[in-house]
Amino acid sequence: MTNVVVLIKQVPDPGSERKLSDDFTIDRSIDPWLEEINERAVEEALKIKEANGGEVTVLTAGPASTTDAIRKALSMGADRAVHVQDDAIGGSDAVQTGLLLTYALGAIEGVDLVIAGNEATDGRVGAVPAIIAEALGLPQLTHMRKLVVDGDTVRGERETDEGIFELEASLPAIVSVNEKINEPRFPSFKGIMAAKKKEIRVLSLADINLESTDVGGANASTSVTGVTPKPPKQAGEKVVDEGDGGQKVAQFLIGQKII
Ligand SMILES: Cc1cc2nc3c(=O)[nH]c(=O)nc-3n(C[C@H](O)[C@H](O)[C@H](O)COP(=O)(O)OP(=O)(O)OC[C@H]3O[C@@H](n4cnc5c(N)ncnc54)[C@H](O)[C@@H]3O)c2cc1C
């Protein structure tokens, strides 16, 4: 049996236009959806449950509207959810988010494995899983494209620019997955109906023994102080091949100091 907790986040659809509020926090009311990499994390947890038995709990920290993303994960097959919801959380940085998820994990019994996404599409900090692992003194396997849980051991493959690494750790552990880990299942009609009855435990900061001064933009160690829109993409240079196309491309690459 392997009891898995999946860290899920609701983010604005990356395909839609992002809006920032006056304090440079993201406007989360625009096209919110369950972060795609977290759908894959849920899928991986369900596959581990199908292979080993156990339970799948999804954990999130976010505003009340996060319930939509939670229901999506429950309709895929997760057994229950824990939602840390408190107005004081708004604007928290990655360290604070890692801290509150660490404390929230303390409210869930018998956790063998925590699965997260390797990077969120809004903050793109790519550090929350590592922050939690450090805080709990747990082994961590990150950017995994393949995972197997065998008894008290989790092993698999990490993919980075340097190559493929085979890693393993003893449970309990925390892992983050990349987009190659699997293809998430679509919730069935039966799954969507069952999700309506599944438990969502809502916890405040006080429920997890944290103060409002431990979180939130006003207490964050990092903050976004300004944003400049990315310049529109320049049109590429057109090379007309009059028998000298190769030369022209080589000249262009030399000019760009690529070769
Ligand atoms: C434009 C912008 C820039 C930012 N820059 C910074 C910065 O430089 N430094 C900084 O400290 N903060 C920054 N933040 C704030 C940061 O996004 C939030 O603190 C966020 O909660 C954690 O960062 P992340 O989502 O990028 O985490 P990541 O580490 O990229 O997330 C990885 C995984 O952790 C899990 N996870 C992350 N957040 C949650 C959650 N709330 N609930 C459940 N699971 C979760 C998910 O599985 C996710 O896939 C920025 C935010 C924005 C909008």
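Mind the numbering: the sequence shown is residues 11 to 269 in the numbering used here, read in order.
Yeah, the Cβ is synthetic: ideal placement off N, Cα and C, and Gly gets one too.
Pro139 has its Cβ nearer than 7 angstroms to a heavy atom of ligand 1. At least one heavy atom of ligand 1 falls within 7 angstroms of the beta-carbon of Thr107.
Per DSSP, reduced to three states, the secondary structure at Ile174 is strand.
In this structure, Gln266 is the residue among Thr232, Val234, Gln266 and Gln257 with its C-alpha nearest to the C-alpha of Gly246.
Here Arg38 is not bridged, per DSSP, to any residue. Within the DSSP secondary-structure output, Ile210 pairs in a beta bridge with Ala91.
The segment 74–92 and the segment 200–218 touch, with three or more beta-carbon pairs separated by less than 8 angstroms.
For Ala98, no beta strand (DSSP E) run applies, since DSSP gives it neither H nor E. The shortest CA-to-CA distance from Ala230 to any of Met11, Asp33, Gln20 and Ser39 is the one to Asp33.
Non-local beta-carbon contacts of Pro182 in its own chain, meaning distances under 7 angstroms to residues more than five positions away in sequence, involve Val121, Asp122, Leu123 and Leu148 in chain order. For Ser222, the Cβ stays outside the 7 angstroms cut-off from all heavy atoms of ligand 1. Going by beta carbons, Val138 and Leu151 fall outside the 8 angstroms limit. With respect to the C-alpha of Thr70, the residue from Gly108, Glu176, Thr238 and Gly101 having the closest C-alpha is Gly108.
For Val92 against Ile118, the beta-carbon gap comes to about 6 angstroms, under 8 angstroms, which counts as contact. For Asp160, there is no enclosing alpha helix (DSSP H); the residue is part of the beta strand (DSSP E) that begins and ends at Gln150 to Asp160. The beta carbon of Ser222 sits closer than 7 angstroms to the beta carbons of Ala98 and Leu215 from its chain, once the five residues preceding and following it are set aside; these are given in chain order. The continuous beta strand (DSSP E) containing Val16 extends over residues Val14 to Leu17. When the five nearest sequence neighbours on each side are left out, the beta carbons in the same chain lying within less than 7 angstroms of the beta carbon of Ser180 are those of Pro149, Asp162 and Thr163, in order along the chain.
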